[in-house]
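Single-structure report; data block below.
Residue numbers (UniProt numbering): 1 to 220.
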């Protein structure tokens, strides 16, 4: 159980860190106002680098995602209440992240940022890519929040399991103490608990030898 939870936490943390690298572009388009054309060009160039990156990097990310998803599904085989609640929520959030990336993020980067248009003479950003760039930043934010929720659920599951273990230990200790006190409270008769050989010297009866006296009458 601990190994599976560790794998899920490591995979989720790795994916969350990978999304954090997009902060270079997303911070300029999502968190800074007003959004200037210069910010949009920086973000577009960053996404263009990702689109032209090696395919082995994408394959590695896919392998990591498959490892995390299969581990979460494997945890449901125990059919325990905490697994159905915490791991079920984790699977929903993890699946939401995968679906958003497969449906929106990856197709957008592959189709719109493989080759960027030539900047205009005045440096203005193309209007066709403006909304696309802003949507990518929003999608990355949603995925980051979902993966953070997975970590929170796994932490809640760990806390719940520790609380159950502490309760079980408390019940066992309390039952043992009650059994011990019950044994001490049973009255034991002193007479029945001792054998004739076990009496101390204080308990033995002291008997003195008695001699018979003979009285003779004297005749006068």
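Idealized CB from N, CA, C, for every residue including glycine. Given the structure is predicted, the values throughout are model-derived calculations rather than measurements.
Need the endpoints of the alpha helix (DSSP H) that residue i sits in, please.
i: residue 92; result: 88 to 100
i: residue 105; result: Residue 105 -> no alpha helix (DSSP H), and no H or E assigned at all.
i: residue 69; result: 55 to 75
i: residue 18; result: 2 to 20
i: residue 40; result: 37 to 51
i: residue 30; result: 23 to 30
Under a CB-based cut-off of 8 Å, is residue i close to chain C?
i: residue 34; result: Protein chains in the displayed structure number just one, and chain C is not present.
Could you compute how far the alpha carbon of residue i sits from the alpha carbon of residue j?
i: residue 20; j: residue 28; result: 13 Å
i: residue 64; j: residue 56; result: 12 Å
i: residue 50; j: residue 110; result: 9 Å
i: residue 18; j: residue 147; result: 11 Å
i: residue 73; j: residue 91; result: 7 Å
i: residue 35; j: residue 44; result: 13 Å
i: residue 12; j: residue 144; result: 10 Å
i: residue 53; j: residue 152; result: 32 Å
i: residue 97; j: residue 118; result: 33 Å
i: residue 116; j: residue 32; result: 23 Å
i: residue 23; j: residue 75; result: 32 Å
i: residue 14; j: residue 162; result: 25 Å
i: residue 25; j: residue 86; result: 33 Å
i: residue 106; j: residue 114; result: 11 Å
i: residue 134; j: residue 100; result: 15 Å
i: residue 42; j: residue 2; result: 43 Å
i: residue 88; j: residue 48; result: 36 Å
i: residue 124; j: residue 39; result: 11 Å
i: residue 59; j: residue 4; result: 22 Å
i: residue 136; j: residue 159; result: 35 Å
i: residue 94; j: residue 16; result: 11 Å
i: residue 130; j: residue 77; result: 46 Å
i: residue 67; j: residue 84; result: 19 Å
i: residue 8; j: residue 46; result: 29 Å
i: residue 142; j: residue 126; result: 25 Å
i: residue 10; j: residue 108; result: 28 Å
i: residue 231; j: residue 112; result: With the chain covering 1 to 220 only, the question about residue 231 has no answer from this structure.
i: residue 37; j: residue 132; result: 14 Å
i: residue 170; j: residue 154; result: The predicted position of residue 170 is uncertain, since its pLDDT is 48 and thus under 50; a value taken from the coordinates is nonetheless stated next. Roughly 24 Å between the two C-alpha positions.
Is it buried or exposed, residue i, if we count other Cβ atoms within 10 angstroms and call 16 or more buried?
i: residue 138; result: exposed
i: residue 150; result: buried
i: residue 157; result: buried
i: residue 140; result: buried
i: residue 103; result: exposed
i: residue 6; result: exposed
i: residue 62; result: exposed
i: residue 30; result: buried
i: residue 70; result: exposed
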